[in-house]
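Taken in order, these protein sequences are the chains called A and B.
Last residue of the first sequence? That's 155 in this note's numbering, and every number before it is there in order.
Last residue of the second sequence? That's 155 in this note's numbering, and every number before it is there in order.
Just so it is clear, CB atoms sit at the ideal spot from N, CA and C, and this is done for glycine as well.
Number of protein chains: 2
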Amino acid sequence: MDEPIDTARTYSIGELARLAGVSVHTLRWYESEGLFPRDVPRTPGGRREYAHDSLAWLALLGRLRESGAPIAVLRDYAALVRAGSGNEADRLALLRAHERSLDAQIETLIACREVIRGKSLAYQEALVARGIDPFAAAGSAVDEGVDGVVAAAG
Amino acid sequence: MDEPIDTARTYSIGELARLAGVSVHTLRWYESEGLFPRDVPRTPGGRREYAHDSLAWLALLGRLRESGAPIAVLRDYAALVRAGSGNEADRLALLRAHERSLDAQIETLIACREVIRGKSLAYQEALVARGIDPFAAAGSAVDEGVDGVVAAAG
DNA sequence: GTACGATCTAGAGTGCACTCGAAGTCAAGG
DNA sequence: CCTTGACTTCGAGTGCACTCTAGATCGTAC
């Protein structure tokens, strides 16, 4: 079951930063903010030696961040994992809460897209009605605008 | 065609803030940042007197902001509207660029949701396998965790 | 041994989008 | 007239999430 060649692999902070797509500054800052589920071991010289699974952990953090989770949520989740087994229901609750936030965000964005799409379609049709190619490079010398067609508020 | 009762309606900054769901501070700040398509008129006493269509304008700005458009984009759009007719193709280009950004955001969020959903389903199944109701209030006294089932990285 | 790049710590600085405070003005009610 | 509350300007402060600086140390290659 164990694959020592892979799992024994460690990363320097520079390597991990490159692989995870974050800066070394960010990795140190994440650590100082308690976003790792266990202490990052050091070499005798004091350098960070990340375990191979740090990359997967950072990938998860990355997804949470991308989807708007504040650092406090990542910290809470890391604290639960750090605390060890027995709190899986808490972890699940945290993840599900974020899922709901994610659903809400997606809905919001879809609603925004509809509004903005409506607006741009109005401009597009107005331009076509005036005999202008709506996808031509901008800056034509037409005198009269299409504001009345699109909306009073621009 | 004109409906003077409605279109002649003006709003004080407090009214408009309430209706648009932003703070009066924000309205003044938006104005100072050039986010209105024309100068906001003042009463003889120096107070702002927003035209009735300001509400629709703010609704559009709100949708753009909600969907991640930075203030600079709103400023550019306001500047185009302020410049008057003849630049509709530019306005359309701006809106369509934002639409593309919106599409990308939605895709990203959907990808995030899948990852996080996968994670929470794993916890859920692990809890069920251990005979625990995954939706019960958290904090049960189970000794052994499900980490091995979910993933090494938490 | 020395040069060099990567890493270390602690703490300051950045950018965004507000958000608030201070000190004063305006307008309607009593 | 006086109070009250909404309004004015200007500038400073806030919160978030990094991002960077300075000055020292580590470790490998020559």
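For residue j and residue i, believed in contact at Cβ under 8 Å, the rounded distance
i, j, result
"isoleucine 36/A", "arginine 76/A", "In the sequence under discussion, the amino acid at residue 36/A is leucine, which differs from the isoleucine named in the question. Sure, about 6 Å apart at Cβ, within 8 Å."
"isoleucine 117/B", "histidine 99/A", "6 Å"
"serine 102/A", "glycine 69/A", "7 Å"
"valine 41/B", "glutamate 32/B", "6 Å"
"arginine 92/B", "tyrosine 124/A", "6 Å"
"alanine 137/A", "alanine 90/B", "7 Å"
CB contact check: residue i to chain B, cutoff 8 Å
i, result
"tyrosine 31/A", "no"
"arginine 10/A", "no"
"glutamate 100/A", "yes"
"glutamate 67/A", "yes"
"serine 121/A", "yes"
"isoleucine 14/A", "no"
"arginine 64/A", "yes"
Residue-level contact to chain A via CB, residue i, 8 Å cutoff
i, result
"proline 42/B", "no"
"glutamate 4/B", "With a pLDDT of 46 at glutamate 4/B, under the threshold of 50, the predicted position of this residue should be treated as unreliable, and no value is reported."
"leucine 103/B", "yes"
"isoleucine 117/B", "yes"
"threonine 109/B", "yes"
"arginine 1/B", "Nothing can be reported for residue 1/B: it is not among the residues displayed for chain B, which extend from 2 to 155."
Run of the alpha helix (DSSP H) containing residue i, from where it starts to where it stops
i, result
"threonine 44/B", "Here threonine 44/B belongs to no alpha helix (DSSP H), and DSSP marks it neither H nor E."
"alanine 21/A", "14–21"
"serine 33/B", "25–33"
Would you mind listing the alpha helix (DSSP H) stretches within the segment 59–123 of chain B that are 4+ residues and don't spill past its ends, in chain order? 72–83
Short of 8 Å Cβ to Cβ, which residues in the segment 124–137 of chain B face chain A? Tyr124, Gln125, Ala127, Leu128, Ile133, Pro135 and Ala137
In chain order, what residues of the segment 87–98 of chain B put their CB closer than 8 Å to some CB of chain A? Gly87, Asn88, Glu89, Ala90, Asp91, Arg92, Leu93, Ala94, Leu96 and Arg97
Listed from N- to C-terminal order along the chain, which residues in the segment 34–60 of chain A have their beta-carbon within a distance smaller than 7 Å of any beta-carbon of chain B? Pro38, Asp54, Ala57 and Trp58
In the segment 71–87 of chain B, which residues sit with their C-beta less than 9 Å from some C-beta in chain A, listed in chain order? Tyr78, Ala79, Leu81, Val82, Arg83, Gly85, Ser86 and Gly87
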